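Novice: In this note's numbering, the protein residues as written are 17 to 95.
Positions of the beta carbon are idealized from the N, C-alpha and C atoms, including for glycine.
These numbers come from a predicted model, not from an experiment.
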């Protein structure tokens with residue numbers, strides 16, 4: 017039996033390598049919430065770092081998606 021593949025970002029497009037949805041996709045969000053369940057502040061730091069990497073990638077490549085902040089940070093604050 018093979019282990020399930022993780023839902024990780026594919027840069028510079030920031031789509032999920034597993035499902036092709038914008039990252040962090042719903043499965044990635046669930047996994048991140050579980051992984052950081054006892055350290056919510058570390059989750060926010062991790063997501064902020066990913067946000068800035070995405071910001072740099074999108075600025076260099078194709079322009080900024082309108083939902084970037086919500087996509088990377090707001091969902092975790094609401095969860």
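Is there at least one Cβ from chain C nearer than 9 angstroms to residue 81's Cβ?
Specialist: The question asks about chain C, but that chain is absent: this structure has only one protein chain.
Novice: Round the Cβ separation of residue 96 and residue 39 to the nearest angstrom and send it over; I've been treating them as touching at under 8 angstroms.
Specialist: Residue 96 lies beyond the range of the chain shown here (17 to 95); nothing can be said about it.
Novice: Within this structure, are the beta carbons of residue 33 and residue 70 separated by less than 9 angstroms?
Specialist: No; because the gap between Cβ atoms is not below 9 angstroms, this pair is not in contact.
Novice: Skipping 5 residues on each side, what residues in its chain have a beta carbon closer than 7 angstroms to that of residue 92?
Specialist: Excluding sequence neighbours, residue 92 sits near 59, 60 and 63.
Novice: To which residues does DSSP link residue 26 through a beta bridge?
Specialist: Partner(s): 31.
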